[in-house]
Structures are given as structure tokens and as C-alpha cells.
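Undergrad:
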Amino acid sequence: MAWFRKPKQPLRSADKRDLPSEIFKKCNGCGELVYRERLAQNAQVCPECGFHSRIPPEQYLTLLLDAGSFVERETNLHSLDLLEFHDLKPYRERLAAAEQKLGRRDSVVVGDGVVDGIPVCIAVMDFRFLGGSMGSVVGEKVARTIRRALELRRPLIIVSASGGARMQEGIYSLMQLAKTSSALARLHEAGIPFISVITDPTTGGTTASFAMLGDVHLAEPGALIGFAGPRVIEETIKQALPKGFQRSEFLREHGMVDRVVDRRELKQTLVLLLRHMWTGWDEEA
Amino acid sequence: MATPLHLEFERDIVELQKQIDALLRSAEEKGIDVSSEVRVLGAKLEVLKVEIFQNLTPLEQVHVARHPRRPHTLDYVSRLFTDWVELSGDRTFRDDGAVVGGWARLNGDSIMVVGHQKGRDMKANLKRNFGSPHPEGYRKSLRLMYLAEKFRRPVVTFIDTPGAYPGVGAEERGQAEAIARNIREMARLRIPVVSVVIGEGGSGGALAIGVGNRILMLEHAIYSVISPEGCAAILWRTAAEREKAARALKLTSSELFKRGIADEIILEPPGGAHADWDETGQRVKEALMRHLDELKTMEPEALVRDRQAKFEAIGEWAEED
Ligand SMILES: [Zn+2]
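First to last, the protein sequences are chains A and B.
Those letters in the first sequence? Residues 46 to 330, per this note's numbering, in order.
Those letters in the second sequence? Residues 680 to 1000, per this note's numbering, in order.
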């Protein structure tokens, strides 16, 4: 693949050491300094080693949907502090800080879009917002998106990136696993496709609900995907975990993921899959 | 059967009980009548039990829910049901001892029972993995629920787990997938499902057998998104703050009832469920019969709608332009 071809005379890291960080970024995969512009052209995939850096929801929407087709929905929902939860910081402050920093109200963006001519309903999670955790708002937005897919008979795509349930919402957050999975039960019965795209990292209650309930599971290379976090497992079994444990490739090998897909080929894969599984969309015309 | 363990805040109860026992022993030896003294002490003991158990802190509730002498699923099975036939295995990998299930008869009616099972000593816990299921435990549960559906029998689940097991094999075999599938499939079962939280309702590992038309909770049972220890370690960065975490998580039966998640609290006898297994069993049996009688009259579609509507309504948020 052309993307991975190394330039003939790569700059040695030493030569680039003093160059400004606005221009170069050190790759978390290979440690090479890579031109930021080159990374941007490459959907934040390292041209040297293929390492996938995390990207925000907006970028997934651009990458996966036809230009200008996205219409965001359910933007009015925001979280309440139902338990008046106060750990080292009050939950309200954590929410306000995340909202301020990211300019969104919670950790998922949902709406309608078109994938190579096929209308879909889509939800994309934002790990930067309180670790992509799922509280009442995420559960409700995802459930509404599922119900909309059901109502309009459109395929559903969910791009997950989440540490799991949001502890600050206690039992409400746990019950969002049931809320979203219950809505998916009806989508499943209605014969409407759901493709789950799993990105780094996806763990806990998000994996234990909609992320693992797709008709097809696609995972980005090297993504951490699991139920328990690796640290919890290490503390439980008192052993170091093997290399590659709970990564996408490991999950594919163990039968939990259908394909590990390079981000730059994600849209193409979605289109192929949707055309195999879905024909309902031409009837709309 | 009895593990001679008690909790810190139960010490006064245990001391008083010892006094009564000693008094009865010496009376027997010396052939004297102590019945009036015993009556006085006995009354005092009952008051003490009520007082102590009505004023538990959230962390103490957690300890009662995990009490080593608290009745577990099989203790209810032997008290509530007849004609018990335990069934084993997920038909894929193995039988998981952390989950038990099988046919039983409740007041003459056939039902399917599925529950987490803890052990009371090291040997039993080796078999039961302290009530922490692997994926095969959830797959076995689902297999049995499908079996119940096939023969149109209600399902009763008993929830009592610290959580799904966080281990290498569990992850390899798809712990998250097993839980997710159970939750989705339980949401579409065309039969009555009643879940009873009898001890610890530990997160996704509990919910995986907990998507019922009704959720009942024993008075001192807990239900939480994460254990107080785990929550403290993450949010307070030290497990030592478990007291604060237990308080913050609002994990007691009264909180869950107040928030409309638990449909009923089953009161425990004075001194907690572990003080009187038979009486506790009787109360659970009465509640189960009442809820199953109600659900029995509903059509399969109505049961599915009822369950889905119940869970899809949970959550609170603000919505404004
Ligand atoms: Zn790299």
C-alpha cells in the first residue's frame, strides 16, 4: 500500500530534534517525528508505521459521510448531576470544564448522514469528553438514534470510543446498557443493519452493550477493546498481560471482531458491507 | 452450614446472643428457671437488631450485602421451590460454577431459575469463583432463558455478584459480548422475567441476568455501576476512600426504589437476611408469587413491550434550546 511506503531519504530524528512542535509530531507508535500536515492528510495515521492516533467525532463524520450530508440531531440534551456526585471535584465542574474545552454538551455526537448515497443514522463518541463515558445523555442520544434508524428504516453506524459507564451517574449509567441494548433488540428484529466501528479505547459498559451488538464489528488497528481495563485485570491476576492483549487484532483472532480496518479504508469497507446487507435505501427514491 | 463470622457493627448483637446462650446453659445445668430473664434479654436483642440495621451507613450496607452468612441463590432454591433440576453448561466451552440454573416449581408452577452463586468457604469459592462469572456463565444463563421461552415458562433470576470476572480467559472468550448479548436478548424474551437482587448487584455482571419486567431488591442488597472500592481507586485515587464512594454512588435499595429502578424492596428480618434464612426465603417467595401472578396474565408482546419500556425510560437529563 502506497501510504506505508517510506520516503527514500527520511529525515533522521536527530535532524528534526530542534524543529518546532507545531510542524512535527512525535508518533506514539514508532517514535518518529512526522510532519503534522502529512498526518492530517493521512487521517492521523502515521505514514511510517501505520499507528492510528485518536481523532475527534468531526473527523470521523468527514471521513465516513458524503460531503455536507451530516445533519446533527439531539443537540439540546445535557447532563444533570442527579446524585450530587462529588469526588475530588464536583461532577458539575467536570461537566462544565469538558463542555467549555470541547464546545459540546456530552460525549456523543449523533445525527443523519449519507454514505456513498446510502442514508444512515450515525453516532460517534468523543473520548476527550470525560473519557467518552456513558451517562443518561449518551444513553438517551444513542437510543434515540437507534429508534430513528428503526423508524426511517436506515442502517445504523456507531463509532465507539469510551471508558464505559459514567460512575458519577451511578446506577443510571449502568442502566444505559439496558436502554441502548433494548432499543437494539428491536432494530435487530426489524432486519436493519447495524455496523459497530470500534476505536481506541473502548472498554467497560460501552463494550458490554452496543459496541458488541453490531451485525458486523470493525475495529481500527491497535485499538484497546475489552470489558475490564488492563490495569484491573493485572491487579486481579497479579501477572503482567501479554503483548497485544485486548487489542483489535487479538479480538479478531478470538472471534469478537470481524475485521481490523485501516481508518483510511473504513468508508470503503462500510459501503461494501452496506451494499451487501441493505437494499431498502433505493426504495426511498 | 454456619460460618461463625460477623461484621464489626454486629458485635453488640453477637455479645448479647452469647449472654442469652450462656444463661440458658447454666440454667439447664443448675435446673433453675431463667425464662423471665431470657425474655427480657431477648426483647432487648430484637430492639438492638432493628436499631443497628436501620441505621447502617452505605458502606455497612455493602458489607451486609456481602455478609459471609447471607443466603445465596441455592439457599433460596432449597427453601422456595420444589422439584429442582439443576442444568449445566453453555454448550460451547464449559459449565461455569459462578452461575447456577435449572427448572423449579414455585407453588406448583414450573419456572426457570438462574442466579449467581457465591461460596461460603475457600473450596466452594474455588468452584464458584466468588460469584464472578466468566462469559460461559452468561451464555449458560441465556441458554436456559431460551429454554424457558421455548416452553413458555417464567424466568426468575437471583442477582448476587461482585461483578463479571476480569481475567485473561474471560476477555479472550468475550466477556463484553456475552454480557451485551444477554442484555439485548433478555429485553426480547416473550415470557415473564422477575429479577431479585439478593446480595451484591455488581455492575454489568449483574445486569447481564437482570433485565426483568420487575426488579425486586432485598432491603440490604446493593446495586451499583462499580464497587465502592473500585470507584474510590479511580475517582479518589485511593481505595481507602470507599466509605465516601459508597455514599456517593447511592447504591442502597431505598435509593434504587426512590429512583424508580427497583420496583419493590423486600424487607429483611431483624438482624438481616443472614439472621433468619427461612423467614427471608418466605418473604422472597411471597413477593415472587405476587409479581408472577400479575405478569402471567400478560400476552407475550405486552411482556416484551413492558420490559423494553421500563429500561428505555431510565435516565434523567435536561433538554432545552
Ligand atoms: Zn509511527
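Beta carbons are placed, not taken as given, at the ideal position from N, Cα and C, and that holds for glycine.
1) Between L127 (chain A) and chain B, is any beta-carbon pair separated by less than 8 Å?
2) For the 8 Å Cβ check, are there 3 or more pairs between the stretch 848 to 862 of chain B and the stretch 775 to 791 of chain B?
3) Ordered along the chain, which non-local residues of its own chain (more than five positions away) have a Cβ less than 6 Å from that of G209 (chain A)?
4) Does the beta carbon of T281 (chain A) come closer than 8 Å to any beta carbon on chain B?
5) Below 9 Å on C-beta distance, what does I278 (chain A) contact in chain D?
6) If distances are taken between C-alpha atoms only, which option among B:R748, B:E725 and B:I790 comes closest to K964 (chain B)?
7) Would Y217 (chain A) pass as an interface residue toward chain B - the criterion being a Cβ-Cβ separation below 8 Å?
8) Can you pull out the residues from the stretch 883 to 908 of chain B whose beta carbon lies closer than 7 Å to at least one beta carbon of chain A?
9) Considering only their Cβ atoms, is the gap separating V165 (chain A) from I191 (chain A) smaller than 8 Å?
10) Bridge partners for H262 (chain A) per DSSP, in chain order?
11) Please classify I68 (chain A) as buried or exposed, where buried requires at least 16 neighbouring CB atoms within 10 angstroms.
12) So I993 (chain B) and K186 (chain A) are supposed to be a Cβ contact under 8 Å. How far apart are they, rounded?
13) With a 10 Å radius around its C-beta and 16 neighbouring C-beta atoms as the bar for buried, classify V116 (chain A) as buried or exposed.
14) Who pairs with V90 (chain A) in a beta bridge, going by DSSP?
15) Drop a sphere of 10 angstroms on the beta-carbon of R770 (chain B), count the other beta-carbons inside from all chains shown, and report buried for 16 or more, exposed for fewer.
16) For the stretch 166 to 191 of chain A, list every residue whose C-beta sits within 7 Å of some C-beta in chain B, in sequence order.
17) Less than 8 Å between the beta carbons of Q698 (chain B) and L684 (chain B), yes or no?
18) Taking only runs that begin and end inside the stretch 803 to 850 of chain B, name each unbroken beta strand (DSSP E) of 3 or more residues, in chain order.
19) Can you tell me whether I72 (chain A) is buried or exposed? The criterion is at least 16 other CB atoms within 10 Å of its CB, across all chains shown.
20) In chain order, what residues place their C-beta within less than 6 Å of a heavy atom belonging to ligand 1?
21) Taking the DSSP output, what are the residues bridged to M220 (chain A)?
22) Relative to ligand 3, is the shortest distance from any of its heavy atoms to the C-beta of P841 (chain B) smaller than 7 Å?
23) How long is the line joining the alpha carbons of L84 (chain A) and V743 (chain B), rounded to whole angstroms?
24) Using 8 Å as the threshold, is the C-beta distance between K723 (chain B) and I692 (chain B) below it?
25) Is the distance from the Cβ of L759 (chain B) to the Cβ of V793 (chain B) below 8 Å?
26) Can you give me the start and stop residues for the beta strand (DSSP E) that A997 (chain B) sits inside?
27) With DSSP collapsed to three states, give me the class of H233 (chain A).
28) Drop a sphere of 10 angstroms on the beta-carbon of E725 (chain B), count the other beta-carbons inside from all chains shown, and report buried for 16 or more, exposed for fewer.
29) Please identify the residue among B:E739, B:G710 and B:Q696 whose C-alpha is closest to the C-alpha of R718 (chain B).
30) Would you list, in chain order, the members of the stretch 249 to 266 of chain A that have their beta-carbon closer than 7 Å to a beta-carbon of chain B?
31) Between G891 (chain B) and V873 (chain B), which are expected to be in contact by the criterion C-beta below 8 Å, what is the C-beta distance as a whole number of angstroms?
32) Taking the alpha helix (DSSP H) that A273 (chain A) belongs to, which residues open and close that run?
33) Could you please give me the residues that DSSP links to C72 (chain A) through a beta bridge?
34) Just tell me which of A:S124, A:A143, A:S152 and A:E103 has its CA closest to the CA of E995 (chain B).
35) Exposed or buried, which one is G113 (chain A) when buried takes at least 16 other CB atoms within 10 Å?
36) On a CA-only basis, which of B:R867, B:A954, B:N786 and B:Q733 is nearest D972 (chain B)? Give me that one, please.
TA: With the given structure in hand:
1) Numbered from 1 along the first sequence, position 82 holds the residue referred to as residue 127 (chain A). Closer than 8 Å to some Cβ of chain B, the Cβ of L127 (chain A) qualifies, so yes.
2) no
3) Residue numbering aside, residue 209 (chain A) sits at position 164 when the first sequence is read from its first letter. Around G209 (chain A): T248, G249, G250 and T251.
4) As a working mapping, residue 281 (chain A) is identified with position 236 in the first sequence. So, interface residue.
5) In the structure shown, chain D cannot be found, because the protein chains are A and B.
6) The residue given as residue 964 (chain B) occupies position 285 in the second sequence. Looking at the Cα atoms, B:I790 is the closest of the given residues.
7) In the first sequence, residue 217 (chain A) corresponds to position 172, counting from 1. For Y217 (chain A), the closest Cβ of chain B is nearer than 8 Å.
8) Those would be G883, L886, V890, Y902, S903, V904 and I905, in chain order.
9) Position 146 of the first sequence, counted from the start, is the residue given in the question as residue 191 (chain A). Position 120 of the first sequence, counted from the start, is the residue given in the question as residue 165 (chain A). Contact flag unset, no.
10) Counting from 1 along the first sequence, the entry for residue 262 (chain A) is found at position 217. H262 (chain A) is bridged to A:S241.
11) Looking up residue 68 (chain A) in the first sequence gives position 23. Exposed, by the Cβ-count rule.
12) As a working note, residue 993 (chain B) is residue 314 in the second sequence. As a working note, residue 186 (chain A) is residue 141 in the first sequence. Not a contact, Cβ separation roughly 14 Å.
13) Here the question's residue 116 (chain A) lines up with position 71 in the first sequence. So V116 (chain A) counts as exposed.
14) The residue given as residue 90 (chain A) occupies position 45 in the first sequence. A:H97.
15) On the second sequence, residue 770 (chain B) is found 91 positions in, with the first residue counted as 1. R770 (chain B) comes out exposed.
16) From the stretch 166 to 191 of chain A, only S181, V182, G184, E185 and A188 have a Cβ closer than 7 Å to chain B.
17) For the purposes of this step, residue 698 (chain B) is taken as residue 19 along the second sequence, with counting starting at 1. For the purposes of this step, residue 684 (chain B) is taken as residue 5 along the second sequence, with counting starting at 1. Contact: no.
18) 834 to 840
19) On the first sequence, position 27 is the one that residue 72 (chain A) refers to. As written in the sequence, residue 72 (chain A) is Cys, which differs from the Ile given in the question. Per the 10 Å Cβ criterion, buried.
20) Listed by chain position, these are A:C72, A:G74, A:C75, A:E77, A:C91, A:E93, A:C94 and A:F96.
21) Stepping through the first sequence from its first residue, residue 220 (chain A) is reached at position 175. M220 (chain A) pairs with nothing; no bridge assigned.
22) The model on display carries ligand 1 but not ligand 3.
23) Locating residue 84 (chain A) in the first sequence gives position 39, where the first residue counts as 1. Locating residue 743 (chain B) in the second sequence gives position 64, where the first residue counts as 1. Those two C-alpha atoms are separated by around 55 Å.
24) Counting from one through the second sequence, the residue named residue 723 (chain B) turns up at place 44. Counting from one through the second sequence, the residue named residue 692 (chain B) turns up at place 13. For K723 (chain B) and I692 (chain B), no; Cβs fall outside 8 Å.
25) Within the second sequence, the letter at position 80 stands for residue 759 (chain B). Within the second sequence, the letter at position 114 stands for residue 793 (chain B). No. Outside cutoff.
26) In the second sequence, counting from the first residue as 1, residue 997 (chain B) sits at position 318. Segment W996 to E998, the beta strand (DSSP E) holding A997 (chain B).
27) The residue given as residue 233 (chain A) occupies position 188 in the first sequence. Correct three-state label for H233 (chain A): helix.
28) Here residue 725 (chain B) is taken as the residue at index 46 of the second sequence, counted from 1. The residue is exposed, with fewer than 16 neighbouring Cβ atoms inside 10 Å.
29) Within the second sequence, numbered from 1, the residue matching residue 718 (chain B) stands at position 39. Here the closest residue by C-alpha is B:Q696.
30) G250, T252, A253, S254, M257 and L258
31) Sequence index remark: in the second sequence, residue 891 (chain B) carries index 212 (1-based). Sequence index remark: in the second sequence, residue 873 (chain B) carries index 194 (1-based). That belief holds up - the Cβ atoms of G891 (chain B) and V873 (chain B) are roughly 5 Å apart, short of 8 Å.
32) Taking the first residue of the first sequence as position 1, residue 273 (chain A) is located at position 228. Segment: none, A273 (chain A) is in no alpha helix (DSSP H) and carries neither H nor E.
33) By one-based count along the first sequence, residue 72 (chain A) stands at place 27. BP columns for C72 (chain A) are empty, so no partner.
34) Looking up residue 995 (chain B) in the second sequence gives position 316. Of A:S124, A:A143, A:S152 and A:E103, the residue nearest in Cα terms is A:S124.
35) As a first step, residue 113 (chain A) is located in the first sequence; it is residue number 68 there, counting from the start. By the neighbour-count rule (16 or more Cβ atoms within 10 Å), G113 (chain A) is not buried but exposed.
36) Here residue 972 (chain B) is taken as the residue at index 293 of the second sequence, counted from 1. If we check each option's Cα against that of D972 (chain B), B:N786 comes out closest.
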